[in-house]
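To keep things clear, I will list the structure first and then write my remarks on it.
2 protein chains.
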Amino acid sequence: MKDLLGRDEAVTVEEALRLLAEQDLRLPGTESVHIEKAYGRVLAQDIVSPENLPGFNRSSMDGYAVNAADTFSASDTMPVYLQIKGQVLMGEKACIQIQREEACRIPTGGMLPEGADAVVMFEHTNLIDGETVEIMKTVSPGENVIRFDEDVRAGETVLSTCHRLRPQDIGALAGLGIPVVSVYKKPVVAIVSTGDEVVSPDKPLSPGEVRDINSYNLAGMILACHAHPAKKGIIKDRFDELRAAVSEAVHTSDMVLITGGSSVGTSDYTAKVISGLGSPGVIFHGVAMKPGKPVIGGNINGVPVFGLPGHPAAITVSFETFIEPLIQRLSGKKTNNVLPSRRMLKALFSRNLSSPAGREEHIRVTIERRNGALRAVPVLGKSGLVSTLVRADGIVIIPMNKSGLYEGEEVEVRLFRD
Amino acid sequence: MKDLLGRDEAVTVEEALRLLAEQDLRLPGTESVHIEKAYGRVLAQDIVSPENLPGFNRSSMDGYAVNAADTFSASDTMPVYLQIKGQVLMGEKACIQIQREEACRIPTGGMLPEGADAVVMFEHTNLIDGETVEIMKTVSPGENVIRFDEDVRAGETVLSTCHRLRPQDIGALAGLGIPVVSVYKKPVVAIVSTGDEVVSPDKPLSPGEVRDINSYNLAGMILACHAHPAKKGIIKDRFDELRAAVSEAVHTSDMVLITGGSSVGTSDYTAKVISGLGSPGVIFHGVAMKPGKPVIGGNINGVPVFGLPGHPAAITVSFETFIEPLIQRLSGKKTNNVLPSRRMLKALFSRNLSSPAGREEHIRVTIERRNGALRAVPVLGKSGLVSTLVRADGIVIIPMNKSGLYEGEEVEVRLFRD
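These protein sequences, in sequence, are chains A and B. Just so we're aligned: the first sequence equals residues 1 to 418 in this note's numbering. Just so we're aligned: the second sequence equals residues 419 to 836 in this note's numbering.
Okay, structure coming up:
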C-alpha cells in the first residue's frame, strides 16, 4: 500500500525486524587467528580439549603431600607423626614416591608424588625436626588437590562454535595449548554518505553546507559491535553516483549503510538504487517509529542495505533497533535471549509525556539521582540535533500500543555504550 | 597485626578499596589524536564550540519556505495562495529573498531564504501551476526549521574534560569541525608472570609444568577497560629476577600486575620486592574475600602494583574488585556513581548456599531461564579451575555480613563482558 506521496506505507518495528530476520544473508567467511588477537572474536569451531588440565594431580596449597588414610585420627590434641621424604620442586616431575606414614613437602601448584592422595596445609602442621612432621588435622582423599583432569578432561568440548571469546576463554585456550583458533571474519560495514550539503569535518564550510556527523557516529557504533566500518566517502545526490557507490560497496562489504537521503527525492533514489542492484531489493520503506520513520531496509543478493534518514538521533535509533541485531547475526555469534546485550537500568520517568499510538517512540534521557531514586529525564529537542544525543545517557522506548508515560512511572533505560 | 605465618592479617574489601583510593598516583600524560582514532578515549580538555551549529536556519522538511504570518488563516477548506519564487538548492546559499505572500521550494536540510521563517510540508500544499502554490495548513514562526544556533551555540561547552568519547560525541566533534582533540594516554598495565612451573602456551609441556593462563585472561580484561596490556614474560621464582622485572615495569608502565606468587614463599618475595622498590610499598597483604584472599596491594612511588594469587578465578575477582576501578582512575575518566559500569541482571538464586561471615564471597554463576524467571545457578568448583570461569556468565557477591543465600532469593549478577 502506498501513501499520499506514492511511498510504501510504514511497517511496524516488529514487522520490519521479522522481514529482516527472514532474509537469506551472505555470511562473512572464517579465518585463523592467534589467541593474542582473538579477544572479542566469534569462534567458528568447537574447541575440544586435546588433553587433561592440569594434566597431573596438583596441590592447591602449600603443605605436605600425604596419604589421607594416615591422617584420619589426627587432631590438635592427638597429632599424627609422619616421616618427611624430601620435597617436590615447583614445575618439576615429582620423582619421590611416598609410602604409608610418610609425607613430602609440596608448594601450591606442585605435582603430587606417587603414593600421596591429599595435602595437609602448613597451618595444620608442625615441623618437629628435619625428619618428622606433626599433622594436627584430618584430610580426606583428594583434599587440597586438583585432580589431573578436574579442570578439563581430554576430549571434552570446552567452548562451542558461535561463542564470542571473553578474556577467561582466551585464558582457557592458552591453558590447553591451543594458540590458534578459527573465528568468523569481522563483518565489514560500508558507510555511504550522501548529501550535496555535506562536507568532511576538516574542509572549510560554505553557507548552506554542514559537516558530516553521521558517518562518525555510525563508525563508532559499528566498532562497538566488533565490526569493521568502511567509509566510502560523501556522494553527491545523483542517482548514477549513488548507484555506482552502492554497487561497489555491496561487492566489498557485508552490509551497506546509506546515510542522508531523508528528503523525498533522495529517499526515492535510494530505494530505486537498492531495488535495481539485486534481489529482493527494498523489503520495507518507512517504519512506524520516531525518530527513524523514513528508514529503508533492503537486501541486495544477500547483503543487507539500509537507507538511513539524515537526522543524528534517527541514525542512532535505527542503528540500535535494526542494524545492531543484523551485525550480530553476520558476526556468527549465537543469539542469547537470556542475557541483555547492553547495560540496562531501571529508573522513574521524570514527567508526563504523551506519545501518539501507532508508532514506537524512542526517547533520549539523562539519568539523575534525586532523593535517593534514579530518575530518567527526557532530553527534548528535534531529532536533527546531535547535541540531544550528546546530553543523553540512554534511550527509553514507548511501545506502539502505549499512549505515553506518567511522571514517576518505572521505565527501563538502555544505556549508550561507554 | 600478623597471622600465624607472620603475614599481615587480611583487611576487608572496603578497607582495601579505601587504602587504594587514598594513594597518590602518577597519572599518564595527554596526547592529541584525530577524532577517527578517539572512540573510547577520555577527553583531557573541555570542548567549547567555535561556531553555531547548524550555522544557518535550516529546513527540517521537504516543502515551501514561507513567512508564517501568511499562513495564519490557511486550512484544508480555506487554503492560502502564495507566489512561488524559485527554489533553494541543497548545500548552497539561499540567494533568493522572499517577500510577504511569496514561497520558495526547499529540501530537507536546505538553507532558509531571507524573509522566510517557517516551512510548510509538501503534504500540506498543492502546486496550482508553476507560479502558485496552495497552502492548506497554518505554520507558526520557526516551524519545521532548525534555528542557526539551535543544536550548538558558539561558545557553549559541548563536552567536558574527563568524559569518555562515545560514537555520538565523535559525531558532534565532526559536526563542529574539530578534527583533533586532546585525550589522556591509555594506561599501560604491565603483566609480570611468575612461577617455575609456568610455560608459554606454544611451548611443549614437561611433567609438573602448566601453561600460562593468567596473563591471557588479564590482558583481555585490561583491553576491555580501554587500557594497554604490556606482557613482561614469565619470571622464575627468584627474588632478584622478580625484583629486576618489577623495577623495569614500574619505570615503563602505569600499573604493574604480578601473577602467581600464591605459595607462601613467593608471596613473601613479592611483598618484599614491592616494599623494597619504593614508597609506601605494600599497603595491604591479604583481603577478607574469596576467591582472592592472598592479593597484595601496593604503591611504588605512585605506580600501583598488585601481587595476584595464581588461581584463575582469584585473578578475575581481584581484577574486577580492585584493578578495574584503579585503571578507571588512571584513565582520567570522571567516576560516575549513577550509571553502572557493567551489565547487571537481577535473578533468583537457584539453591541454598552458606558463606562464612567475615569475608566477601564472589560466586560464579550461569543464568538460566526456568518457568519464565531468570535463575542464577552457582558454578561450583575450586578457584584454581579456569573451566568454572568459562562456564559462568557472571558473578554474584555475598557481602561480608551475610551468612549465605537462600534458594529463590533475588540477587544482582554482574555479567562478564562479552
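Here a beta-carbon is modelled for each residue, glycine too, at the ideal position from N, C-alpha and C.
Asked, Found
"Per-residue DSSP class, three states only, for histidine 581 of chain B", "coil"
"CB contact flag (isoleucine 692 of chain B, valine 700 of chain B, <8 angstroms)", "yes"
"Neighbour flag for serine 206 of chain A against chain B, beta carbons, 8 angstroms", "yes"
"Test item: CB-CB of glycine 177 of chain A and leucine 623 of chain B under 8 angstroms", "yes"
"Neighbourhood of aspartate 672 of chain B by C-beta, 6 angstroms cutoff - its chain only, sequence neighbours within 5 removed", "Pro446, Pro605, Val606, Leu748"
"Through-space distance from phenylalanine 148 of chain A to glycine 55 of chain A, alpha-carbon basis", "5 angstroms"
"Chain B within 8 angstroms of methionine 111 of chain A, Cβ atoms only", "yes"
"Closer than 8 angstroms to chain B by CB, valine 379 of chain A", "no"
"Chain-order list of residues whose beta-carbon lies under 7 angstroms from that of alanine 224 of chain A (same chain, five-residue window excluded)", "Arg417"
"Candidates B:Ser558, B:Val664, B:Pro758: closest to valine 721 of chain B by CA position", "B:Val664"
"Beta strand (DSSP E) runs contained entirely in the segment 262-304 of chain A, provided each spans 3 or more residues", "280-285, 296-300"
"Against chain A: residues of the segment 488-520 of chain B by CB proximity under 9 angstroms", "Val506, Leu507, Met508, Gly509, Glu510, Lys511, Ala512"
"Through-space distance from isoleucine 327 of chain A to alanine 662 of chain B, alpha-carbon basis", "47 angstroms"
"Beta strand (DSSP E) segment containing methionine 420 of chain A, residue limits", "What the structure shows of chain A is the stretch from 1 to 418, and residue 420 of chain A is not part of that stretch, so it cannot be assessed."
"Exposed unless 16 or more other CB atoms sit within 10 angstroms - verdict on valine 48 of chain A", "exposed"
"CB of leucine 348 of chain A within 8 angstroms of CB of arginine 364 of chain A, strictly", "no"
"Limits of the alpha helix (DSSP H) - the one that methionine 61 of chain A falls within", "No alpha helix (DSSP H) holds methionine 61 of chain A; DSSP gives it neither H nor E."
"Cross-chain neighbours of phenylalanine 416 of chain A in chain B, by beta carbon under 9 angstroms", "Arg584, Pro585, Gln586"
"Supposed contact pair phenylalanine 740 of chain B and glycine 716 of chain B - C-beta distance, whole angstroms, cut 8 angstroms", "That pair is no contact at about 11 angstroms."
"Contact check, leucine 218 of chain A vs leucine 277 of chain A, beta carbons under 8 angstroms", "no"
"Assigned exposure category for phenylalanine 490 of chain B - 16 Cβ within 10 Å defines buried", "exposed"
"Residue-chain proximity (isoleucine 398 of chain A, chain B), Cβ-Cβ < 8 angstroms", "no"
"Cross-strand partners of methionine 344 of chain A (DSSP beta bridge)", "A:Arg414"
"Own chain, CB closer than 7 angstroms to proline 201 of chain A, minus 5 neighbours either side, in chain order", "Arg211, Asp212"
"Between the CA atoms of cysteine 513 of chain B and valine 538 of chain B - distance to the nearest angstrom", "20 angstroms"
"Cutoff 8 angstroms: methionine 221 of chain A Cβ touching any chain B Cβ", "yes"
"Bridge-paired residues (DSSP) for histidine 780 of chain B", "B:Ile815"
"Minimum C-alpha distance to leucine 798 of chain B - residue among B:Met529, B:Gly593, B:Asp614, B:Glu779", "B:Glu779"
"7 angstroms Cβ shell around alanine 44 of chain A - same chain, five flanking residues per side excluded", "Thr30, Thr161, Ser182, Val183, Tyr184, Gly332"
"For tyrosine 687 of chain B, the nearest candidate out of B:Ser805, B:Phe724, B:Met707 (CA to CA)", "B:Phe724"
"Those residues which DSSP pairs with isoleucine 47 of chain A across a bridge", "A:Leu159"
"Near-chain B residues of the segment 19-37 of chain A - C-beta to any C-beta below 8 angstroms", "Ile35, Glu36"
"Limits of the beta strand (DSSP E) - the one that glutamine 505 of chain B falls within", "498-505"
"Where the segment 773-785 of chain B meets chain A: residues whose CB sits under 8 angstroms from a CB there", "Ile785"
"Interface flag, lysine 604 of chain B vs chain A, CB-CB below 8 angstroms", "no"
"8 angstroms Cβ cutoff met for isoleucine 553 of chain B and valine 498 of chain B", "yes"
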